[in-house]
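Comments concern the structure below.
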Amino acid sequence: MQPLDFESLAARDDVWARETIHAVDADRFADAREQIDAGLTWAVGAIVTDSRDRVLLVREDEQWLAPGGKVEPGETREEALVREVREETGVAVAVERPVAVTDVAFEYDDERVSFAFAHYVAVPETTALASDPGLADEDIDTVAWKATVPENTVDREVVVAVR
0 MQPLDFESLA ARDDVWARET IHAVDADRFA DAREQIDAGL TWAVGAIVTD
50 SRDRVLLVRE DEQWLAPGGK VEPGETREEA LVREVREETG VAVAVERPVA
100 VTDVAFEYDD ERVSFAFAHY VAVPETTALA SDPGLADEDI DTVAWKATVP
150 ENTVDREVVV AVR
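In numbering that gives the first Met the number 0, the protein residues as written are 0 to 162.
Below is the structure:
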């Protein structure tokens, strides 16, 4: 499948288009700029629900979030999604469809940098979780199937609306 650009994806009737703006300090802005300058244009997250209506989430830095991450050069968003979910959770998934696209912006003083983030619905091929979640350079401390979406879930409104 050929990747769609942000505007085309956002224009779809079945995709929720959003924008988030983070006013950050100088250090956080420098970190964001460095990642974006190094090629971060897209990141992805998977909303995975099992047959018992539980949603797959990872916990990092005291927050829950949908598994996902950066789209690497030469990778489609769908390929990145499958790879990231497997790396972070041990769960193999099949990608169904995009459901939300967000322009994620970081602002400091009068400067702004941004990247695009797409949430996809994905179906688990297995439900067994990795005993050692994430990669060595990630801060994931827990992977779980959750019957309810915790209040401290990043992009909670998307996860709740979709599942």
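Just so it is clear, CB atoms sit at the ideal spot from N, CA and C, and this is done for glycine as well.
Remember, predicted model here, so these are calculated numbers, not experimental data.
Between residue 9 and residue 100 a beta carbon distance of about 5 Å is seen, short of the 8 Å cut, so the two are scored as contacting.
Distance from the CA of residue 96 to the CA of residue 124, rounded to the nearest whole angstrom, comes to 16 Å. Here residue 148 has 54, 155, 158 and 159 as same chain residues with Cβ atoms under 7 Å from its own Cβ, once five neighbours each way along the sequence are excluded. At a Cβ-Cβ threshold of 7 Å, residue 120 and residue 46 count as neighbours. DSSP places residue 158 in no beta strand (DSSP E) but in the uninterrupted alpha helix (DSSP H) bounded by 155-161. Between the region 55-64 and the region 111-120 there are fewer than three C-beta pairs closer than 8 Å, too few to call the two in contact. In the three-state reduction of the DSSP assignment, residue 113 falls in the strand class, which pools E and B. Here DSSP, grouped into helix, strand and coil, assigns residue 14 to coil. In this structure residue 41 is in contact with residue 70, their Cβ atoms being roughly 4 Å apart against a cut-off of 8 Å. Excluding residues up to 5 positions away in sequence, 69 and 114 lie with their Cβ nearer than 8 Å to the Cβ of residue 39 in the same chain. For residue 127 and residue 92, the gap between their C-alpha atoms comes out near 12 Å.
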